[in-house]
Structures are given as structure tokens and as C-alpha cells.
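Notes for the one structure printed next.
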Amino acid sequence: MELRTTMRCLQALQNLGISDQHLISWYEAVFVNPDLSRTDLLFQKVAQHIVIDDLLELSRIYVTQGFITGIRSTVDYFRQIVGVKQSVDVTVSSTPHSRRQFGGVFLYRAVIENNILTESKLLIDKDLWRHQPASTYVEIVAHEMWHAYQTMCGLNWIRSVGFLGISPSSAPLGALYAVNMLCSIEPDDDLSGYGEQLSEREAYRFNAFIMDWIETLFQEAYLSGRITGERNVFYSLPICH
């Protein structure tokens with residue numbers, strides 16, 4: 043992380059009212075060395091809601107109804123199993139070239155005004171990522187819907203409590219999400235710092251966990267004879283709509 047990013051984060055934490063006593067520990071817990079093990083049980087609970095029939099149905103939607111409908115169906119699916127209560131709109135546009143280098147082809151965007159979520163949407167680039175198997179979109183959407191979950195939990199914390207006198211070790215995850223949300227590092231400013239912060243590291247860990255879980259489901263279903271060639275529909279068949 044760049045020095046200027048560190049100084050900006052520390053100042054942002056102070057502006058939230060975090061005391062000097064806990065300033066460094068908050069900085070480390072959110073931006074440097076987040077405890078990623080705290081969501082292990084939650085990841086397990088979410089994954090247990092995923093079943094083969096649902097994945098095959100998502101594949102069928104991509105093939106028969108096209109890219110955009112498939113993305114919307116996948117968003118609704120993961121929003122429900124993750125427990126995201128706010129609706130998430132899917133908006134198709136062109137990603138500015140300046141953001142494409144940072145992976146800004148799929149982006150969850152939340153706008154909060156006066157502690158109210160006024161905008162919750164998944165932005166996708168209309169010109170890219172159309173010729174991929176369903177598994178690619180499932181992994182990306184899982185990542186972005188975890189960001190939606192983080193936003194929901196962080197916003198709930200902001201509405202109910204504050205940050206005065208709280209150490210990160212005793213704070214619930216909602217408090218850490220709230221701090222990260224209010225003091226976030228943007229990829230345009232510091233790409234390394236962006237990838238190291240809690241919100242991004244946790245979301246990448248989530249989508250990797252989900253895809254490992256899904257692969258296990260398919261392997262077990264294939265070995266038991268429950269499915270045959272359907273696995274290729276999820277992992278290999280390109281989406282060309």
C-alpha cells in the first residue's frame with residue numbers, strides 16, 4: 043500500500059471518531075491484515091443452500107434466454123442465498139477504459155445518502171464477457187453479491203451504533219464493513235491497497251469458496267450417476283447471446 047493511501051486511511055478513521063488508542067488496530071484490521079476466518083461458518087451456511095438443479099437451471103437460462111437474463115437470474119439467486127435484503131438492479135453500460143484495467147467490467151455499486159441506501163446495482167459492460175460459460179458468471183456474481191451483503195451489514199451498523207471507543211477485535215463484522223465502506227480505497231487511487239482491504243479480500247475468498255463447493259457438488263453428482271453431460275453445460279458451453 044502506498045504511503046499516501048495509508049495516511050488518507052488513518053485520517054478517514056479519525057474523522058469517523060475512532061480514538062487514537064484504537065486507530066492503528068482499526069487500520070490493520072480493515073486495510074492491512076483483516077481476519078478472514080471470521081466468515082468461515084457463514085460461507086458454509088450459504089453454500090449449503092446451493093443445489094445442482096439450481097445451477098443447471100441457471101445454465102439453461104444463459105443458453106436459452108441470453109447473457110443479460112442469465113446475469114439477472116444469477117443475481118437474484120445469490121442475493122437470496124446470501125441473505126441480501128435490498129434489491130439489486132442490473133444495469134448494462136460501457137465500462138470506461140480507465141476502469142477496465144482494474145477489472146471494472148462487473149461492479150457492485152451502492153449509493154448511501156443520510157444512512158439510506160438510494161442505489162443498489164450491478165454494473166456490467168455491454169461489450170465484454172459475453173462468450174463465457176455459466177460458471178464464469180456465477181463466480182463473478184457471487185463476488186459482487188458478497189459486496190452487497192457487506193453493504194447491508196455495514197449500513198445496519200451505521201444506523202444503530204457508532205465507532206467511539208470500539209476496538210476491532212471486539213466489534214462485529216458489520217462494524218468492520220461499515221468502516222471499510224466509509225473509508226474505502228479505490229483501485230484508481232491505489233490498486234495494491236484496493237486489493238488488500240477487507241471488503242475485497244473477503245469477497246474474493248467467498249467466490250473461491252463457492253466455486254470449490256460447486257465443483258465438489260458436480261463431482262459427487264457425476265460419480266453417483268445423477269448427472270452425465272450436464273456438467274459441461276455449466277463449465278464449458280459458451281454463451282453467445
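Under the numbering used here, the first residue of the sequence shown carries the number 43, and numbering increases by one thereafter. Where a beta carbon is used, it is the ideal one built from N, C-alpha and C, also for glycine.
Collapsing the DSSP output to three states places Thr133 in a strand. Distance from the Cα of Trp255 is smallest, within the candidate group Asn274, Leu52 and Val93, for Val93. The beta carbon of Gly216 sits closer than 7 Å to those of Cys195, Gly196, Asn198 and Trp199, all from its chain and outside the five residues before and after it, given in chain order. Minimum Cα-Cα distance from Trp68 among the listed residues Arg268, Met43, Cys225 and Val275 corresponds to Cys225. Taking C-beta separations shorter than 8 Å and ignoring five residues to either side along the sequence, the partners of Glu242 in its chain run Tyr236, following chain order.
For Val153, no alpha helix (DSSP H) run applies; the uninterrupted beta strand (DSSP E) run containing it begins and ends at Phe148 to Glu155, by DSSP. Going by beta carbons, Ala184 and Phe120 fall inside the 7 Å limit. Secondary structure of Ile269 (DSSP, three-state): coil.
Annotation for Thr160: Val153 place their beta carbon closer than 6 Å to its own, counting only its chain and skipping 5 residues before and after. According to the DSSP secondary-structure assignment, Asp167 is paired through a beta bridge with Ser135. For Asp77, there is no enclosing alpha helix (DSSP H), since its DSSP letter is neither H nor E. Looking at Leu240, Arg201 and Val117, the one whose alpha-carbon comes closest to that of Leu218 is Leu240. Taken through DSSP and simplified to helix, strand or coil, Leu58 comes out as coil. Judged by DSSP secondary structure, Ile110 falls within the alpha helix (DSSP H) whose first and last residues are Phe109 to Val124.
In the DSSP assignment, Ala217 falls within the alpha helix (DSSP H) that extends over Leu215 to Leu224.
The continuous alpha helix (DSSP H) containing Met194 extends over residues Ala176 to Ser202.
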